[in-house]
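Notes to accompany the following structure.
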Amino acid sequence: MSVEEGVFYVIAAITVMGGMGVVFARNVVYSALFLILALLAVAGIFLLLSAEFLALVQILVYGGAVTILVIFALMLTRVQDMPAALDSPQKPFAFLAAAAVLAILILAAVGTTWPGQTEKINAIPLRDFGDALFRTWALPFEIASLVLMVALVGAIVLARGEDGE
Amino acid sequence: MIPMQHFLVLSGILFSLGVYGVLARRSAVLILMAVELMLQAVSINFIAFAVYLAPDAFVGLIFAVFVITVAAAEVGLLLAIVLRIFRNQATANVDEVDVMRW
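Sequences listed follow chains A and B, in order. Per our numbering, the very first residue in the first sequence carries number 3; after that it's consecutive. Per our numbering, the very first residue in the second sequence carries number 3; after that it's consecutive.
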């Protein structure tokens, strides 16, 4: 087993641990902290896939902004005061559904022969990536920023209320 | 080298954890966290395919950028909706928010 594989298994274990913490923790604040762990570990996975730029964006956007928003939402809605609100009675069905999804995904991932698959990671130079993003994909990129702006303005309007309270 | 299937299996595990969280949790904020897990799984898949299968198309990486953008928009909007529901009904429990108008 190479060093790279060892690193992968460690980071993958941290990711799965964080994910399990998010869905199984009995305390919502622990859930949010496990979410931060999982998101940072996914940034590590991106690094292993030699997507450095996306790893940095991941840490900035998820590690910073998204988790802060989630913790704000937890704080403002006081979910932790209602332990009954944690798990719904459909938990066994949820478990079955998740197990079925897991089985299908793993079978599909292992059983498929992917056309054109290479054995090693083809690192994409950041320069080429930026070139593609701002030339070939410039229009979708602008539309994405429009979506982001509309969503944030909409969020402000929604949270503020009609009577401007 | 790490085979691509390792990344796909990891993303599958993460995605099914997200499915479980969405179905089993009752608080809208906890459901949002599970949705974030699923989006992460999708990003891992996109990037893995981009670097292993189509090294000169970039499409996977571009899609991962869009996934992150849309996820940020979604989190902001959902926080606003949850706050609104909480102000109107004093709950963030999705089981109790079952009226179409009030």
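Idealized CB from N, CA, C, for every residue including glycine. All values derive from a computational prediction rather than experimental measurement.
Problem - For Pro127(A) and Arg28(B), the rounded distance between their alpha carbons - result: In the second sequence, counting from the first residue as 1, residue 28(B) sits at position 26. In the first sequence, counting from the first residue as 1, residue 127(A) sits at position 125. Between the alpha carbons of Arg28(B) and Pro127(A) lies a gap of roughly 43 angstroms.
Handout entry: Span separating the alpha-carbon of Val21(B) from that of Ala36(B)
Key = Within the second sequence, the letter at position 19 stands for residue 21(B). Within the second sequence, the letter at position 34 stands for residue 36(B). Here the C-alpha atom of Val21(B) lies approximately 7 angstroms from the C-alpha atom of Ala36(B).
Exercise for the section: Check whether the region 50 to 60 of chain A touches the region 105 to 115 of chain A, counting contact only when three or more Cβ pairs, one atom from each stretch, lie closer than 8 angstroms. Expected result: By the Cβ rule, the region 50 to 60 of chain A does not count as touching the region 105 to 115 of chain A, because fewer than three pairs are nearer than 8 angstroms.
Handout entry: Reference Ala73(B); option with closest CA among Ala50(B), Val53(B) and Val44(B)
Key = In the second sequence, residue 73(B) corresponds to position 71, counting from 1. Comparing C-alpha distances from Ala73(B) to each of Ala50(B), Val53(B) and Val44(B) shows the shortest one belongs to Val44(B).
Handout entry: Distance, Leu79(B) Cα to Ile47(A) Cα
Key = Within the first sequence, residue 47(A) is the residue found at index 45, counting from 1. Within the second sequence, residue 79(B) is the residue found at index 77, counting from 1. One C-alpha to the other measures close to 28 angstroms.
Problem - Contacting positions in the region 113 to 135 of chain A - beta carbon closer than 8 angstroms to chain B - result: Listed by position along the chain: Trp116, Pro117, Gly118, Gln119, Thr120, Glu121, Lys122, Ile123, Asn124, Ala125, Ile126, Asp130, Phe131, Ala134 and Leu135.
Exercise for the section: Would you identify the three-state DSSP class for Asn47(B), choosing helix, strand or coil? Expected result: Taking the second sequence and counting its residues from 1, the one referred to as residue 47(B) is at position 45. In the three-state DSSP reduction, Asn47(B) falls in the helix class (H, G or I).
Practice task
Please work out which residues of its chain come closer than 8 angstroms, Cβ to Cβ, to Ala50(B), disregarding the five sequence neighbours upstream and downstream, and give them in chain order.
Solution key: Position 48 of the second sequence holds residue 50(B). Excluding sequence neighbours, Ala50(B) sits near Met6, Phe9, Leu10, Ser13 and Gly62.
Exercise for the section: Starting from the beta carbon of Val21(B), find every residue of chain A whose beta carbon is closer than 7 angstroms, and list them in chain order. Expected result: Walking along the second sequence from the start, residue 21(B) turns up at place 19. One finds Ala99, Ala100 and Val103 in chain A with Cβ atoms closer than 7 angstroms to the Cβ of Val21(B), taken in chain order.
Exercise for the section: Under 7 angstroms Cβ to Cβ from Tyr64(A), same chain only, skipping five residues before and after it: list those, please. Expected result: For the purposes of this step, residue 64(A) is identified with residue 62 of the first sequence, where counting begins at 1. So the list reads Leu41, once near-sequence residues are dropped.
Problem - Neighbourhood of Ile73(A) by C-beta, 7 angstroms cutoff - its chain only, sequence neighbours within 5 removed - result: For the purposes of this step, residue 73(A) is identified with residue 71 of the first sequence, where counting begins at 1. For Ile73(A), where only same-chain residues beyond five positions count, the Cβ hits under 7 angstroms are Ala34.
Exercise for the section: Determine, using beta carbons only, whether Glu24(A) and Gly23(B) come nearer to each other than 8 angstroms. Expected result: Along the first sequence, read from residue 1 onward, the residue named residue 24(A) stands at position 22. Along the second sequence, read from residue 1 onward, the residue named residue 23(B) stands at position 21. Looking at the sequence provided, one finds Val at residue 24(A) rather than Glu. A contact, by the Cβ cut-off of 8 angstroms.
Practice task
Compare the beta carbon distance of Ile4(B) and Glu54(A) with 8 angstroms and say whether it is the shorter of the two.
Solution key: Here residue 4(B) refers to the residue found at position 2 of the second sequence. Here residue 54(A) refers to the residue found at position 52 of the first sequence. In this structure, Glu54(A) does not lie closer than 8 angstroms to Ile4(B) by Cβ.
Handout entry: Interface partners of Asp100(B) on chain A, CB under 8 angstroms
Key = Locating residue 100(B) in the second sequence gives position 98, where the first residue counts as 1. Result: empty, since nearest Cβ-Cβ is about 13 angstroms, beyond 8 angstroms.
Problem - Neighbour list for Met22(A) in chain B, Cβ cutoff strictly below 8 angstroms - result: Position 20 of the first sequence, counted from the start, is the residue given in the question as residue 22(A). What Met22(A) touches in chain B: Leu19.
Problem - Proximity test, Cβ basis, 8 angstroms: Glu144(A) and chain B - result: Within the first sequence, residue 144(A) is the residue found at index 142, counting from 1. By the rule that beta-carbons nearer than 8 angstroms mark a contact, Glu144(A) does not touch chain B.
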